[in-house]
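Participant: Take this structure, written in structure tokens, and hold onto it; I'll ask about it next.
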Amino acid sequence: MEDALKRALGTAVLRPTGHTGGGCISQGRSYDTDHGRVFVKSNSRSEARRMFEGEMASLEAILKTQTIKVPKPLKVVDLPGGSTAFVMEHLEMGGLNRHSALLGTQLADLHLHNQQLGEKLKKEGSTVGKGQGQTEVQFVAQFGFHTVTCCGYLPQVNDWQSDWVTFFARQRIQPQMDMVEKKSGDREARELWAQLQLKIPSLFCNVEIIPALLHGDLWGGNVAEDDSGPIIFDPASFYGHSDSSCPIVCMRAMLTAELESRQENYITGTVRRGLDLLFFFTE
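Offset between the sequence shown (1-based) and my numbering: plus 4.
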């Protein structure tokens, strides 16, 4: 593994720091290299490359907004024996504590970023730049993402759709219901879902939903902080309704007030919130 990483990173030095980490499904370790310290996640499952490529694309998208801190993604590397590694910037971080309120503010900034780009577009032109020498960020008018992302190993269908109701029903809940029926044979759930689909559009009547870039898998285990502020990681991003990210935030009670105060289009209706929860209850 280390020889493959050295070649991929163009470094003669790859020295373990003793710092280990990782989540429920991948192993993680930090290394010192010629170019600085990196954190490497590795996984031997066949789905690992797809999972890591989605995570890398998600981190890149969030990083470009300059709204909230994430580890800078570097490279996805194929390892001998069929394993895959994902190399990213090493960040010194601990559990979320002092910066909870700031996390709420910065998440609101992230969710509002695309909307603000759209407003700026109307005034200045078709592409909004982030400054000299930096990557341009374009307004996204549809719901979805340019690649598959994963919640754990579970792939998320992110094909672009022009409206939120279609995206949510077809590409979030429908795959889950298909999985429920396949695993349990629960046809009653499918019949109830067919009835609910007819009612979903009425829940969003007269609501303008502008695609917001979301973390996509935001819960207590994917949030941390350093001295400068909060850090989020392990994303499964897509452009969606900003309200849909709230049900899985374990610390939701301390975030909601911040989000509501920052987002004019933040939707707090309990019917819609229950609808969003349906995705996670069927996962």
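Even for Gly, the Cβ is constructed at its ideal location relative to N, Cα and C.
1. By a C-beta neighbour count over all protein chains shown, 10 Å radius and 16 as the cutoff for buried, is ARG176 buried or exposed?
2. GLU93: which of PHE149, PRO159, VAL80 sits nearest, CA to CA?
3. Using only the alpha-carbon positions, how far apart do THR21 and ASP38 sit?
4. Can you tell me where the alpha helix (DSSP H) with LYS45 in it begins and where it stops?
5. Determine the burial state of LYS127: buried for a count of at least 16 other Cβ atoms within 10 Å of its Cβ, exposed for fewer.
6. Compute the Euclidean distance between the alpha carbons of VAL91 and PHE43, then round it to the nearest angstrom.
7. Closest to ARG194 by C-alpha separation, out of LYS203, GLN180, LEU207, would be which residue?
8. Taking the alpha carbon of GLN178 as the reference point, which residue from HIS245, ASP190, GLN201 has its own alpha carbon closest?
9. Thinking just about the alpha-carbon of each residue, which of THR153, GLY148, PRO159, ASP247 is nearest to the one in SER166?
10. Around the Cβ of CYS154, are there at least 16 other Cβ atoms within 10 angstroms (buried) or fewer (exposed)?
11. Taking the runs of the alpha helix (DSSP H) that are 4 residues or longer, which of them lie wholly in the segment 132 to 193?
12. How should ALA65 be labelled, buried or exposed, when 16 other C-beta atoms within 10 angstroms of its C-beta is the threshold for buried?
13. Would VAL2 be called buried (16 or more neighbouring beta carbons within 10 Å of its own) or exposed?
14. ASP229 lies in the beta strand (DSSP E); which residues open and close that run?
15. Helix, strand or coil for ALA240? Go by DSSP, reduced to three states.
16. Out of ILE235, MET97, GLY244, state which residue places its alpha-carbon closest to the alpha-carbon of TRP168.
17. Return the first residue and the last residue of the alpha helix (DSSP H) that GLY122 is part of.
18. Excluding sequence positions up to five away, which residues of its chain have a Cβ less than 7 Å from the Cβ of CYS254?
19. Just curious, the alpha helix (DSSP H) that SER34 is in, first and last residue?
20. Can GLU185 and GLY98 be called in contact, C-beta distance under 8 Å?
21. Please identify the residue among PRO77, ALA112, VAL144, SER241 whose C-alpha is closest to the C-alpha of GLU125.
22. Can you pull the DSSP bridge partners for PHE90?
23. Determine the burial state of ASN118: buried for a count of at least 16 other Cβ atoms within 10 Å of its Cβ, exposed for fewer.
24. For the alpha helix (DSSP H) containing GLY58, name the first residue and the last one.
25. Short of 7 Å in beta carbon distance, which residues of its chain neighbour PRO77, apart from the five on each side in sequence? Order them along the chain.
26. Please report the residue range of the beta strand (DSSP E) in which LEU9 lies.
27. Just to confirm, is the Cβ distance from SER30 to ASN47 under 8 Å?
28. Distance, Cα to Cα, PRO69 vs GLY58?
29. Where DSSP assigns a beta bridge to ALA16, which residues make up the other side?
Facilitator: Looking at the coordinates:
1. To locate residue 176, count along the sequence shown from 1; it is residue 172. Per the 10 Å Cβ criterion, buried.
2. Residue numbering aside, residue 93 sits at position 89 when the sequence shown is read from its first letter. Here the closest residue by C-alpha is VAL80.
3. As a working note, residue 21 is residue 17 in the sequence shown. As a working note, residue 38 is residue 34 in the sequence shown. Straight-line Cα distance between these residues: approximately 14 Å.
4. By 1-based counting over the sequence shown, the position of residue 45 is 41. Not the alpha helix (DSSP H): LYS45 falls in the beta strand (DSSP E), residues 40 to 47.
5. Here the question's residue 127 lines up with position 123 in the sequence shown. Around the beta carbon of LYS127, fewer than 16 other beta carbons sit within 10 angstroms, so the residue counts as exposed.
6. The residue labelled residue 91 in the question sits at position 87 within the sequence shown. The residue labelled residue 43 in the question sits at position 39 within the sequence shown. Going by the C-alpha atoms only, they are around 6 Å apart.
7. Counting from 1 along the sequence shown, the entry for residue 194 is found at position 190. Among LYS203, GLN180, LEU207, the Cα nearest to that of ARG194 is on GLN180.
8. Taking the first residue of the sequence shown as position 1, residue 178 is located at position 174. Of the candidates HIS245, ASP190, GLN201, GLN201 places its Cα closest to the Cα of GLN178.
9. Looking up residue 166 in the sequence shown gives position 162. Among THR153, GLY148, PRO159, ASP247, the Cα nearest to that of SER166 is on GLY148.
10. In the sequence shown, counting from the first residue as 1, residue 154 sits at position 150. Classification of CYS154: buried, given that the 10 Å Cβ count is 16 or more.
11. Unbroken alpha helix (DSSP H) runs of no fewer than 4 residues, entirely contained in the segment 132 to 193, are found at 168 to 172, 178 to 188, following chain order.
12. Looking up residue 65 in the sequence shown gives position 61. Buried, because 16 or more other Cβ atoms sit within 10 Å of the Cβ of ALA65.
13. No information on residue 2 is available, as it lies outside the stretch 5 to 287 that the chain covers here.
14. Stepping through the sequence shown from its first residue, residue 229 is reached at position 225. Before going further, note that residue 229 is Glu rather than Asp in the sequence given. Unbroken beta strand (DSSP E) run through GLU229: 227 to 230.
15. Position 236 of the sequence shown, counting from 1, holds the residue named residue 240. Secondary structure at ALA240: coil, using DSSP grouped into helix, strand and coil.
16. One-based indexing of the sequence shown puts residue 168 at position 164. Closest option to TRP168, Cα to Cα, is GLY244.
17. Position 118 of the sequence shown, counting from 1, holds the residue named residue 122. GLY122 -> alpha helix (DSSP H) spans 104 to 128.
18. Residue numbering aside, residue 254 sits at position 250 when the sequence shown is read from its first letter. Residue placement at CYS254 cannot be trusted, given a pLDDT of 45 that sits under 50; what the coordinates show is reported in the next sentence. Same-chain partners within the cutoff: TRP223, GLY224.
19. Looking up residue 34 in the sequence shown gives position 30. First-last for SER34: 31 to 37, but that is the beta strand (DSSP E), not the alpha helix (DSSP H).
20. For this step, residue 185 is matched to residue 181 along the sequence shown. For this step, residue 98 is matched to residue 94 along the sequence shown. Not in contact: GLU185 and GLY98 (Cβ atoms no closer than 8 Å).
21. Start at 1 with the first residue of the sequence shown, and residue 125 comes out as number 121. Per the sequence presented here, residue 125 reads as Leu, with Glu not at that position. It is VAL144.
22. Locating residue 90 in the sequence shown gives position 86, counting from the first residue. Note: PHE90 sits in a beta bridge opposite LYS45, VAL80.
23. In the sequence shown, counting from the first residue as 1, residue 118 sits at position 114. Classification of ASN118: buried, given that the 10 Å Cβ count is 16 or more.
24. On the sequence shown, position 54 is the one that residue 58 refers to. 52 to 69 is the extent of the alpha helix (DSSP H) around GLY58.
25. Taking the first residue of the sequence shown as position 1, residue 77 is located at position 73. Cβ contact annotation for PRO77 (same chain, cutoff 7 Å, sequence separation greater than five): MET60, LEU63, GLU64, MET92, in chain order.
26. Reading the sequence shown from its first residue, position 5 is the one you call residue 9. Secondary structure note for LEU9: it is in no beta strand (DSSP E), and the uninterrupted alpha helix (DSSP H) holding it is 6 to 13.
27. Within the sequence shown, numbered from 1, the residue matching residue 30 stands at position 26. Within the sequence shown, numbered from 1, the residue matching residue 47 stands at position 43. Contact annotation: SER30 and ASN47 have beta-carbon atoms nearer than 8 Å.
28. Looking up residue 69 in the sequence shown gives position 65. Looking up residue 58 in the sequence shown gives position 54. Here residue 69 is Thr; the residue named in the question, Pro, does not match the sequence. When only Cα atoms are considered, THR69 and GLY58 end up about 17 Å apart.
29. Working through the sequence shown from its first residue, we reach residue 16 at position 12. The partner list for ALA16 (beta bridge, DSSP) is empty, contrary to what the question assumes.
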